[in-house]
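Quick mapping for you: the protein sequence lines, in order, are chains E and Z.
When the letters of the first sequence are read in order and numbered with this note's numbering, they come out as residues 34 to 159.
When the letters of the second sequence are read in order and numbered with this note's numbering, they come out as residues 34 to 159.
The beta-carbon is built from N, C-alpha and C at its ideal position, and this holds for glycine as well.
A short worksheet on the structure shown next.
2 protein chains.
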Amino acid sequence: MSIIAYTHILVVISADLVHILKALADDNRLRILNLLRDGELCVCDIEAVLCIKQSNTSRHLNRLKVAEIIVSEKKSQWVYYRLNHETFVKFPFISIIINDEMGKINVCKKDLELLEKIKASGRCCD
Amino acid sequence: MSIIAYTHILVVISADLVHILKALADDNRLRILNLLRDGELCVCDIEAVLCIKQSNTSRHLNRLKVAEIIVSEKKSQWVYYRLNHETFVKFPFISIIINDEMGKINVCKKDLELLEKIKASGRCCD
DNA sequence: ATAGTATATGAGTATAATTGCATATACTCA
DNA sequence: TGAGTATATGCAATTATACTCATATACTAT
Numbered sequence: 034m035s036i037i038a039y040t041h042i043l044v045v046i047s048a049d050l051v052h053i054l055k056a057l058a059d060d061n062r063l064r065i066l067n068l069l070r071d072g073e074l075c076v077c078d079i080e081a082v083l084c085i086k087q088s089n090t091s092r093h094l095n096r097l098k099v100a101e102i103i104v105s106e107k108k109s110q111w112v113y114y115r116l117n118h119e120t121f122v123k124f125p126f127i128s129i130i131i132n133d134e135m136g137k138i139n140v141c142k143k144d145l146e147l148l149e150k151i152k153a154s155g156r157c158c159d
Numbered sequence: 034m035s036i037i038a039y040t041h042i043l044v045v046i047s048a049d050l051v052h053i054l055k056a057l058a059d060d061n062r063l064r065i066l067n068l069l070r071d072g073e074l075c076v077c078d079i080e081a082v083l084c085i086k087q088s089n090t091s092r093h094l095n096r097l098k099v100a101e102i103i104v105s106e107k108k109s110q111w112v113y114y115r116l117n118h119e120t121f122v123k124f125p126f127i128s129i130i131i132n133d134e135m136g137k138i139n140v141c142k143k144d145l146e147l148l149e150k151i152k153a154s155g156r157c158c159d
């Protein structure tokens with residue numbers, strides 16, 4: 034179900050249902066997606082809110098990126114991650130999980146509050 | 034996020050989002066849910082279509098049952114499994130995955146065809 | 001009772017996922 | 001250029017998951 038296209042060195046692996054579900058099936062990654070609802074964030078913001086190691090944060094983000102659930106953009110020394118709405122068009126259930134389910138989870142609410150505090154009182158970036 | 038209620042010996046663990054996603058994030062279990070779209074099936078039917086070992090089939094079914102995605106009912110020597118629509122009301126994204134995504138997957142289409150053949154030409158049960 | 005069938009489970013193995021530490025890379029700013 | 005910051009990645013340890021084989025349990029029918 035995965036499409037692998039070789040164009041010179043470029044390798045594109047189209048995410049399929051199981052890979053997307055595997056990427057979603059983790060507490061930390063769900064919390065990351067919840068944080069990204071409000072807009073893009075850099076690795077250090079996420080790291081601070083979730084209180085997990087930088088390398089771990091980076092790996093979780095990469096897992097979501099490989100599944101095409103998020104995309105990244107480098108701006109000076111920071112890498113900003115944001116939700117990939119193109120994939121949500123193809124797999125609408127992802128939007129439903131992020132928009133409808135996240136709000137019900139207590140940890141997710143607290144994460145958003147903590148994010149606001151961190152944003153207010155001097156972030157690592159920007 | 035899990036609610037654990039002790040009433041005498043009864044233990045009820047309410048399935049939460051991550052557990053449901055973990056239960057869904059597997060090829061064989063997605064194929065099982067696809068087969069159950071048309072109605073209840075016993076273990077041997079599923080085993081035959083997916084071409085996996087009986088013990089493995091039983092464990093996958095248990096994983097889905099613990100996540101409350103399916104329910105089981107014993108009828109004489111067979112155990113019939115079916116979709117748990119109560120959970121789908123609580124988590125509508127599951128319905129969307131099963132109804133909208135399964136149909137797009139080739140293996141799932143073939144599984145349904147094979148199931149019809151097995152049902153037609155003498156099943157193990159009933 | 002006994003043999004046969006359906007399902008569940010314990011034990012062991014193989015593989016995959018998560019994590020942390022140390023380090024490499026990329027970028028900025030003085 | 002050199003120091004500092006942000007992010008990614010190699011490696012190793014730990015844990016979780018999937019799978020198989022053998023066996024136990026539950027039920028049916030003779």
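- Annotation note: the region 49-132 of chain Z contains the following uninterrupted beta strand (DSSP E) runs of length 3 or greater, listed N- to C-terminal: 103-108 and 111-116.
- D133 of chain E counts as exposed, since fewer than 16 other C-beta atoms from the protein chains shown sit within 10 angstroms of its C-beta.
- Taking the beta carbon of A58 of chain Z as reference, the chain E residues within 7 Å of it are V51, L54, K55 and A58, listed in sequence order.
- The beta carbon of F126 of chain Z falls within 8 Å of a beta carbon belonging to chain E, placing the residue at that interface.
- With its beta carbon less than 8 Å from one in chain E, L63 of chain Z belongs to the interface.
- In this structure L74 of chain Z is not in contact with I131 of chain Z, their Cβ atoms being roughly 14 Å apart against a cut-off of 8 Å.
- DSSP places I151 of chain Z in the helix class (H, G or I) of the three-state scheme.
- Against I129 of chain E, the close residues of chain Z are P125, F126 and I129, in the order they occur along the chain (beta-carbon pairs closer than 8 Å).
- Within the same chain, and ignoring the five residues on either side of L69 of chain Z in sequence, the residues whose Cβ sits closer than 7 Å to its Cβ are I103, Y114, R115 and L116.
- If you compare the alpha carbons of Z:A100, Z:K98, Z:Q87 and Z:V82 with that of R64 of chain Z, the shortest gap goes to Z:V82.
- Excluding five sequence positions before and after D71 of chain Z, the CB atoms of its chain that fall closer than 8 Å to its own CB belong to L145 and L148, given in chain order.
- Not a single C-beta of chain E is nearer than 8 Å to the C-beta of I103 of chain Z.
- In terms of beta-carbon proximity, E134 of chain E lines the interface with chain Z, with at least one pair separated by less than 8 Å.
- Going by beta carbons, F124 of chain E and I53 of chain E fall inside the 8 Å limit.
- Within chain E, not a single residue places a beta-carbon under 9 Å from that of I85 of chain Z; the smallest gap is close to 16 Å.
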